[in-house]
Amino acid sequence: WQDNARPSTAHNTIKTINRLCYETQENPPYSPRLAPSHFSRFRPFEEALRDHGFDSEIEVTKAVQKRFHD
């Protein structure tokens with residue numbers, strides 16, 4: 001959900017997510033530990049993995065590790 005979403009839209013979205021039993025997690029919009037210049041380092045991963053579907057966190061980890069070694 002986005003911080004700038006209308007309250008009714010955000011509420012309905014959260015209700016639907018909970019009804020469908022999806023797991024949710026709270027994430028800050030950005031990590032305070034990363035400087036803006038660091039974000040460019042992740043762009044190759046984002047572009048390489050954007051169109052892939054992953055069934056587990058293990059698959060994501062393996063794909064990222066593979067990109068590091070390529």
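The sequence shown begins at 1 in my numbering and counts up one residue at a time. C-beta: ideal position from N, C-alpha, C; glycine also.
When secondary structure is reduced to three states using DSSP, H52 falls in the coil class, being assigned neither helix nor strand. CA-CA distance, E46 to K66, rounds to 13 Å. In this structure, the CA atom of F54 is about 10 Å from the CA atom of T61.
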